[in-house]
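Quick note, our numbering runs 705 ahead of the 1-based positions in the sequence shown. The beta-carbon is built from N, C-alpha and C at its ideal position, and this holds for glycine as well. Since this is a predicted model, take the numbers as computed values, not measurements.
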Amino acid sequence: MRTEDPRPIRLKDYTPPAFAIDEAMLDIELDPARTRVHSTLKMRRNPASKETAGPLVLDGEKLKLLEVRIDGELLGPNRYSVDGEHLTIHEVPEGKFTLETVTTCAPEENTALTGLYLSDGIYCTQCEAEGFRRIAYYLDRPDAMTVFRTRITGDRKKTPVLLSNGNPVKSGKTKDGRHFVEWHDPFPKPAYLFALVAGDLAHVEDKFVTMSGREVTLRIFVEKGNEDRCAYAMEALKRAMKWDEERFGREYDLDIFMIVAVSAFNMGAMENKGLNVFNDKYILARPDTATDADYAAIEAIIAHEYFHNWTGNRITCRDWFQLCLKEGLTVFRDQEFTSDMRSRPVKRISDVRLLRAHQFPEDGGPLAHPVRPESYIEINNFYTATVYEKGAELCRMIHTMAGPKRFRKGMDLYFERHDGEAATVENFLDALADGAKLDLTQFKRWYRQSGTPEVLASGRYDAARKTYTLKMSQVCQATPGQPHKEPYHIPVAVGLVGPDGKDMALTLDGEDKPGAKTRVLNLTEREATWRFRNVEAKPVPSLLRGFTAPVKLSANLKERDLVFLMRHDSDSFNRWEAAQRYATGLLVAMVEAEKTGVPARKGGAFAEMVNDLLTAKKIDPDFVAQIILLPSEQTLAQIIGQEVDVDAIHAARERLRASIATQTKDALLAAYTRMEVTGPYRPDADHAGRRALRNVCLGYLSAAPGDEGIALAAGQFRTADNMTDSIAALSVLSNIDCPERREALDAFHERWKGDHLAMDKWFSIQAMSSLPGTLDEVKRLTGHPAFTMKNPNKVRALITNFAAANQLHFHAKDGAGYRFIADKVLELDKLNPQVGARMLGAFKSWRQTEPKRRKLMQKELKRIAGTEGLSRDVYEIATKTLA
Ligand code: B3K
Ligand code: ZN
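Here's what the structure looks like:
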């Protein structure tokens, strides 16, 4: 409980800012305890505002105010007032005026890592969403855009590198032996895109020539000694710059583009104009230190932040309710980039996995909110899977409906109309509708209705008439604050697979010629029917190909239809989907059997598929690695949905793994050998795919009875020459109680104890172990010298991972997992509320657990919600989760 409950901010209350800032000049003198910021703002009343009189209210937090001046005149304390959140100047001149403030802040005390902070000797800022107000008094809102000039002064030894946005214009020494650099960013921007970095950093440099022939300097700044880990990030950056030119016609606009890698960062990365700041885990990579998954993430995040330069920076958001305007769209763009760089089907599978693992539960739980939320207490809680991932799905649906060419026309129009503006979702949809010639009126509901629509499909074949009738209906469950939903516009890609395993050409009623083999049907009503003609034999329908809409589909396909599709569907996504559905069906029955003692079947068809795929002459390893993997314990918990018993799920999945491994052992061993990669390490899809499949085989082999799997994993761990294989072997061993386990963990520790990123892997593997005693081990590891609650990567590796990715132990029957996490959330609430609030997300599915656990979870949630002095971040998540 808080003494005063924080008030929600609402979309419907939006009004333009009362004042405009024409120019901002910041003079920043760095000091760990007392950084001095002299801000000079050229201001006037905003002509777009209805407010023509009244005070000037600026945002500011944790600042010490030393001076306020208007047009050079020092204001006495009676002319303004200050509280913990604002500086209010009672009266300002009629026309243009200059406002100067002098404030100080204490970067060394800043553990929240928002605003200006000092960590490991590096000064760094994070201003999105509302961090700039911890640097200076300002109109800290995205629709207040201005040109910034920033002068940074610092110690020459400790901070030889002084960076900010835009282009460097001046530098030199100061009289007191320090030095300064002045930066000028010609592109008007909101304060959330401001950045400053200072420290003793090394850099690597390259260049890129844009499509119009301009040369851009590219620099990646890292801690000294890490220069040899930047090559992949630099390559990825150049590929992203080129791709955005080719695919979207977007060119980079400044003379220099900089990226800084820091080790203390609240999230993945930040798209500050011309000066992206990255969590170093998404920059630094060498074959022996980074896994294939790390390489893939680096490529994707580099691209994502770079793409923000147009979708986010050049066109920014009017207010934070429009967050999906930049995030959903930019995720869609980075997904497309990865699909073009790697395997499109595998990328789609992994994106849908992510969506189902994080977004679906969010949309079906107490924290459900629309892609464009209508209210929030703390905006940082809304950087969610819904805004990002579902937001991307909405862009993907528009792309599906328009086709690539018309979609591009729509995007071109969006850039043309809104470049330099702070825009809204409506602006985006209007531009897309006009440019792509689409009617998006009904589609718009996706942005305001929360919840995952369920689509029910059923088909009937009429052999006499040779018709196939497909009926689809939609419904969306109530979500918090939204009891009733209007029907959505849902594009459903459909194919009909004939008995020969081939797609039929589809002719709808009323058409005289056969059309394409995959057709997009638009379900816009609560229920609709389509009839296909000239269907020569009874088909198996392949519905929602490529997952064209973020819905839950039930098609009630028979087991034999699923087996047929997982072997024959020409749509790779649906082949994978059929295999997942088949395996899920088996596992759910097995979980039931665990409880009732009635033995379930062994999953022969799945094992047969594994066997056939592994022994086929030509295989796509990356795809096979995906399709033979069983659904995760979390997925099963979600599908079961109520009275979830994590022990039964774990036991059932382990039994099925062992059974498949036993049935396919020879094929697994053969593939394990066949997939070995020789020659120098390459992180591309081809090599990474082979390693992925090989390591999935290793996982299965370790589940088979006997010690062969252990020996194989221990051997792989010892001989691996890259982090991917080393980590894969280590995580297999981490789940088996054997002497090789400890040996491998110790050896890894010995080799990598000086490397903070590798140590994160070591922490997280232990946090995710299924062995008994894991919680005690995690508690013990919080005392490890490399662990600190002040570094978010460490916290996420050891603690958040335990809460979010170790379902078995987080949900331990005695409630010890819940207690531990609740304690850590409260501890973080004081240090870093953003990271604490994220961790608390692990409690969101408390209502789905069986009654005893449900009570225990509720008790911890109540304990948190009842704590005096909570941050807005944790308060909002705790109270909404309980509601
Ligand atoms: N825009 C940032 C996220 C900021 C999160 C603030 N709590 C990174 C990104 O999405 O690219
Ligand atoms: Zn983003």
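query	result
Cβ-based neighbour list, Asp911, same chain, cut-off 6 Å, excluding 5 preceding and 5 following	Leu923, Met939
Where Val914 falls, given that 16 or more other Cβ within 10 Å makes a residue buried	exposed
Distance between Gly1115 and Gln1179 (C-alpha atoms, nearest Å)	28 Å
First and last residue of the uninterrupted alpha helix (DSSP H) at Gln1040	1028 to 1046
Contacting residues, own chain, Cβ-Cβ under 8 Å from Ala1570 (five flanking each side not counted)	Met706, Tyr1580, Ala1583, Thr1584, Leu1587
Sub-7 Å separation of Gly1609 and Asn870 beta-carbons	This structure cannot speak to residue 1609, because the chain is shown only from 706 to 1588.
Any non-hydrogen atom of the ligand ZN within 6 Å of Thr1035 CB	yes
Whole-angstrom distance between Leu1072 and His1013, CA atom to CA atom	27 Å
Per-residue DSSP class, three states only, for Lys717	helix
Check: Glu1032 C-beta below 6 Å from any heavy atom of the ligand FMN	Because the ligand FMN does not appear in the structure shown, any question about it cannot be addressed here, the ligands present being the ligand B3K and the ligand ZN.
Every unbroken alpha helix (DSSP H) inside the region 761 to 830 [4 residues or more]	none
Proximal residues to Asp1124 (C-beta, below 7 Å), its chain only, five neighbours per side dropped	Arg1019, Ile1020
Whether Ile1084 touches Trp1025 by CB criterion (7 Å)	yes
8 Å contact criterion, which Tyr1092 and Leu1028 should meet: CB distance rounded	Position check: residue 1092 holds Val in this sequence, whereas Tyr was assumed. With 8 Å as the limit, Val1092 and Leu1028 qualify as a contact, their Cβ atoms being about 5 Å apart.
Nearest candidate by alpha-carbon position, reference Asp1460, set Thr994, Arg861, Glu756	Thr994
Reduced DSSP secondary structure (H/G/I, E/B, other) of Ile1082	coil
Beta carbon proximity, Glu1159 to chain B, threshold 7 Å	Absent from the structure: chain B. Only one protein chain is present.
beta-carbon Met975 near the ligand B3K non-hydrogen atom, thresh 6 Å	yes
Assigned secondary structure, Cys1181 (DSSP; H/G/I helix, E/B strand, else coil)	coil
Segments assigned alpha helix (DSSP H), at least 4 residues, entirely inside the region 1526 to 1556	1538 to 1545
Where Arg955 falls: helix, strand or coil (DSSP)	coil
Buried or exposed (CB count within 10 angstroms, at least 16 for buried), Lys1142	exposed
Spatially closest choice to Val1245 from Lys1095, Arg1165, Leu768, by CA coordinates	Arg1165
Cβ neighbours of Leu1134 in the same chain (closer than 7 Å, five flanking residues each side left out)	Leu1145, Lys1149
Contact belief for Met1177 with Leu1228 at Cβ below 8 Å, rounded distance in angstroms	5 Å
Pairwise C-alpha distance: Lys1323 and Asp1317	11 Å
Continuous beta strand (DSSP E) assignments of at least 3 residues falling wholly in the region 871 to 934	872 to 878, 884 to 894, 901 to 904, 906 to 914, 920 to 928
Distance between Tyr1405 and Ala1452 (C-alpha atoms, nearest Å)	24 Å
Expected contact under 8 Å - CB spacing of Pro1158 and Val1256 to nearest Å	5 Å
Terminal residues of the alpha helix (DSSP H) in which Leu1335 lies	From DSSP, Leu1335 is part of no alpha helix (DSSP H); its letter is neither H nor E.
Boundaries of the alpha helix (DSSP H) in which Trp1151 is found, first to last residue	1150 to 1153
Ordered list of alpha helix (DSSP H) runs contained in the region 1199 to 1273, each at least 4 residues	1264 to 1273
Asn981, DSSP secondary structure in three states	strand
Beta-carbon proximity of Val1057 to Phe1252, cut-off 7 Å	yes
Sequence-distant residues of its chain with Cβ nearer than 6 Å to Gly836 (five each side left out)	Thr819, Gly820
Simplified DSSP assignment, three categories, for Gln1187	strand
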